[in-house]
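Which chain is which? The protein sequence lines are A and B, in order.
Take the working numbering: the last position of the first sequence gets the number 296, and nothing is skipped along the way.
Take the working numbering: the last position of the second sequence gets the number 309, and nothing is skipped along the way.
Backbone N, C-alpha and C fix where the C-beta goes; we use that ideal spot for every residue, glycine too.
All remarks here apply to the structure that follows.
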Amino acid sequence: MLTLQILANGLVLGGLYACIAAGFSLVWGVLNVINILHGSFIVLGGYLAFFGYVKLGIHPFASILIATPLLFALGYAIQRALINRMIAAPVLLTLTLTFGLDLMLSNAMLAAFTADFRKLILEPPLGVATLGPVVMPVDRLVAMILALGLTGLLYLVLSRSRIGRAVVAVRMDREAAALMGVNVKSVYAVTFGLGALMAGASGPLLAMIFPISPLTGPVYLGKAFVICVLGGLGSVPGAMIGGLALGIVESFGTLWFGPEHATTLSFVLLIAILLLRPEGLLGRKGYA
Amino acid sequence: MKRDALVAAALCALVALVPLAGEAYWLRLGTTMLMYGVIAMSWNFIGGMAGYPSFAVAAFFGLGAYTGAVAQKLGLPMGLAWCLAGLAALAFAAALGIALLRLRGHYFAIASLVVAEVLRELVNSATDLTGGGMGLNLPLPAMRSVQAQAIFFYYAMLGVAALTFAAMLATVHSRLGFGLRCIQQNESAADMLGVNTTYYKVAAFMLSGVFVGMAGAVYASWVHYIEPPDVFDVLYSVKAIVMVLLGGAGSVFGPLFGAALFLSLEELVWRRFLEVHTGVLGLLIVLLVMFLPKGLLSFSRRLPRASKQP
């Protein structure tokens, strides 16, 4: 009975993790940039949902529609103005650059919103759903379904739309894509924008479940690291599998080892996977 | 090499005179400056010479701080505790290096980044030994005045810094330094030409750990109180990189110069923008990376030529 409940919790958590990691993985796979800003983007999306609900009465699920275009624009602008200039630089420099940008964004949020942990509480609450022995709050359930839906949508955009095909083409072979007439710089900016958009979408979903604070950004970033390494880089199905796997591992890890070791467990998993299977569970070699 | 050593000795003598000025503020600043110097020079072994984007400085620093603190708590004398902290960092770097240095690029960066997080969580949960999130108080050194203590720790940090500098100077002019520069330029080619890359990289990683571990232990004794988020702060790793970038790393004095420059900026910024301190630090990093990225890249070119090597 308990096992089923833990499994369900893990799946719900995993769906959200997939949404967190999909954008991060896309940016890493296509641009070869580790976007340290990703965690702060998520928190920013969470704040948009929080203040949208508290001040304007916009339902958090609806505020996704506000957060995504805003975050896309922010990501697009940052990529166009700053990161595109450094795109060919060594790993160390792009990583340090996004780290510096993250310090600025998280400090700005700290100054604007303070470090208080705020919780978005729906009034009236959505209640709980019961399926046999498994009990699950409805808001979590909806958040998971939306998260998986959005991740699936990203997959569709990448595999069906014209710009999506261009992104995939650049990921596979930048030079060849450029020769075929793809504007690589613009594709980079769109990709980074899409990554930020996914972060902006997962922010409101996470805000339904977890408290929001600028200090939680690095936590989400750490999750994204682990999921990317678990699932393999630059592929949406990889992020999906990696996210679900991490959700389940964390849920059972919390049960067996205690909640204080959940983070350690996931990072130890990351290092173990890096050493044993660096291309990830689903990944192919060659995108590093 | 002789000239560098002489300049360093002169610099060391000059720096050793600072306590004569005696003001507590300058002593504190000087001790911090020397600590930053140790961190920057240590990162230089793996990041500057071998070109591996290591973020493990925070892990070594925290490990050293906690090893030193726990050893003192268990009754070891202070000096021995510091040496033990260095040894612990050295051994940890060796084990970690053997495992992680097979990775390249982003993967190495991320793996080295999360090591500090793992250690912090472990220290946090080992409440019996480390005090966990409550932090750990260190015994006060048996010295009469606060001033005498400040001077003592200043010289202790100076000792660690001098040791680090000597090791860096020796490395740059040795086979090891030559091999590391080969690895930075083209690891596969170096491997093919008979450089034992694994051995060289692990050696560089160990060198980048040992002195940071000692500095961490001295820091712990100096401030008398440590807690996990303080000593396993990822900013130590980032600062090390930024200092080396700032210094331009053109010569063996680059990291030291960068550390001095960075600390001056930090002091000015800290005083003026307490609320947005990290934001301004971020801005500084962004500007530096955007406009002065050559600092790191020009490193290998300005070092001694290959023909001078043994």
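Secondary structure of residue i, DSSP reduced to three states
| i | result |
| --- | --- |
| R126 (chain A) | strand |
| Y51 (chain B) | coil |
| L296 (chain B) | Because the pLDDT at L296 (chain B) is just 43, under 50, the model does not fix this residue reliably, and the value given afterwards should be weighed accordingly. The answer is helix: DSSP assigns L296 (chain B) an H, G or I state. |
| A137 (chain A) | strand |
| N136 (chain B) | strand |
| D3 (chain B) | helix |
| L10 (chain B) | helix |
| V175 (chain A) | helix |
| I225 (chain B) | strand |
| P303 (chain B) | Only weak support exists for where P303 (chain B) lies, its pLDDT of 45 falling under 50; the coordinates are left without a value. |
| V285 (chain B) | helix |
| V143 (chain A) | strand |
| M142 (chain B) | coil |
| L282 (chain A) | helix |
| P76 (chain B) | coil |
| F231 (chain B) | coil |
| V190 (chain A) | coil |
| V275 (chain B) | coil |
| L241 (chain A) | coil |
| L267 (chain B) | helix |
| I97 (chain B) | helix |
| N195 (chain B) | coil |
| E186 (chain B) | helix |
| L16 (chain B) | coil |
| V243 (chain B) | helix |
| E268 (chain A) | helix |
| P212 (chain A) | helix |
| N321 (chain A) | Missing from the structure shown is residue 321 (chain A); chain A here goes from 9 to 296 and no further. |
Residue from the options with nearest C-alpha to residue i
| i | options | result |
| --- | --- | --- |
| C27 (chain A) | A:V276, A:G261, A:Y228 and A:I281 | A:Y228 |
| L264 (chain B) | B:F252, B:V279, B:G253 and B:I45 | B:V279 |
| S48 (chain A) | A:K127, A:A232 and A:R182 | A:A232 |
| A203 (chain B) | B:I45, B:A258, B:L16 and B:L245 | B:I45 |
| Q176 (chain B) | B:R27, B:A12 and B:G47 | Gln is not the amino acid found at residue 176 (chain B); the sequence shown has Gly there. Selected option, being the one with the closest Cα: B:G47. |
| N136 (chain B) | B:L245, B:S220 and B:A80 | B:S220 |
| S41 (chain B) | B:S207, B:M242, B:V237 and B:F91 | B:S207 |
| A147 (chain B) | B:L19, B:A125 and B:L118 | B:L19 |
| G21 (chain B) | B:V230, B:L75 and B:Y153 | B:Y153 |
| L33 (chain B) | B:L260, B:H276, B:V117 and B:P52 | B:L260 |
| A29 (chain A) | A:G160, A:L100 and A:S169 | A:G160 |
| P222 (chain A) | A:G201, A:L263, A:A120 and A:I279 | A:A120 |
| V99 (chain A) | A:A270, A:V51, A:N43 and A:L73 | A:N43 |
| A4 (chain B) | B:A189, B:E266 and B:L168 | B:L168 |
| L21 (chain A) | A:S33, A:D147 and A:A186 | A:D147 |
| L10 (chain A) | A:F260, A:G266 and A:L277 | A:F260 |
| N92 (chain A) | A:T199, A:F125 and A:P219 | A:T199 |
| T272 (chain A) | B:E116, B:K238 and B:I240 | B:E116 |
| Y51 (chain B) | B:A92, B:A94 and B:I182 | B:I182 |
| L262 (chain B) | B:L10, B:L28, B:A9 and B:A7 | B:L28 |
Range covered by the beta strand (DSSP E) that runs through residue i
| i | result |
| --- | --- |
| M152 (chain A) | No beta strand (DSSP E) holds M152 (chain A); the alpha helix (DSSP H) holding it covers V146 to R168. |
Whole-Å CB distance - residue i paired with residue j, under 8 Å assumed
| i | j | result |
| --- | --- | --- |
| G246 (chain A) | G239 (chain A) | 3 Å |
| F59 (chain B) | G212 (chain B) | 5 Å |
| G230 (chain A) | V113 (chain B) | 7 Å |
| I38 (chain B) | Y198 (chain B) | So it is not a contact: roughly 25 Å between Cβ atoms. |
| M94 (chain A) | V288 (chain B) | 7 Å |
| L105 (chain A) | V285 (chain B) | 6 Å |
| Y35 (chain B) | A258 (chain B) | 4 Å |
| G134 (chain B) | Y224 (chain B) | 6 Å |
| Q83 (chain A) | A204 (chain A) | Note on identity: in this sequence residue 83 (chain A) is Gly, with Gln being the wrong assignment. That belief holds up - the Cβ atoms of G83 (chain A) and A204 (chain A) are roughly 3 Å apart, short of 8 Å. |
Where the alpha helix (DSSP H) through residue i begins and ends
| i | result |
| --- | --- |
| P245 (chain A) | V244 to F265 |
| E116 (chain B) | G104 to S124 |
| F69 (chain A) | P68 to A89 |
| F121 (chain A) | V99 to F121 |
| E183 (chain A) | R182 to L187 |
| P219 (chain A) | No alpha helix (DSSP H) holds P219 (chain A); DSSP gives it neither H nor E. |
| Y153 (chain B) | V145 to V171 |
| L35 (chain A) | The sequence given here places Val at residue 35 (chain A); Leu does not occur at that position. Here the alpha helix (DSSP H) through V35 (chain A) covers L10 to L39. |
| I45 (chain B) | I45 (chain B) -> no alpha helix (DSSP H), and no H or E assigned at all. |
| G54 (chain A) | H46 to F59 |
Residue i: CB within 7 Å of a non-hydrogen atom of the ligand SAM
| i | result |
| --- | --- |
| G37 (chain A) | Absent from the structure shown: the ligand SAM. Ligands present: none. |
- Message: Under 7 Å, CB to CB, which of the residues in the segment 49-78 of chain B have a partner in chain A?
- Response: Going along the segment 49-78 of chain B in chain order, one finds P52 with a Cβ nearer than 7 Å to chain A.
- Contact list for the segment 25-42 of chain B against chain A, Cβ threshold 9 Å: From the segment 25-42 of chain B, no residue has a Cβ closer than 9 Å to chain A.
- Message: Under 7 Å, CB to CB, which of the residues in the segment 100-122 of chain B have a partner in chain A?
- Response: Listed in sequence order: L102, G104, H105, Y106, A108, I109, A110, V113, E116, V117, E120 and L121.
- Message: Please identify, using Cβ separations under 7 Å, the residues of the segment 86-100 of chain B that lie next to chain A, in order along the chain.
- Response: If you check each beta-carbon in the segment 86-100 of chain B against every beta-carbon of chain A, the ones closer than 7 Å belong to A98.
- Using Cβ-Cβ distances below 7 Å, what residues of the segment 275-289 of chain B are close to chain A? Answer in chain order: V275, T277, G278, L280, G281, L282, I284, V285, V288 and M289.
- Item | Chain-ordered residues of the segment 233-249 of chain B with a beta carbon less than 9 Å from chain A | Cβ proximity to chain A below 9 Å picks out V233, L234, V237, I240, V241 and L244 from the segment 233-249 of chain B.
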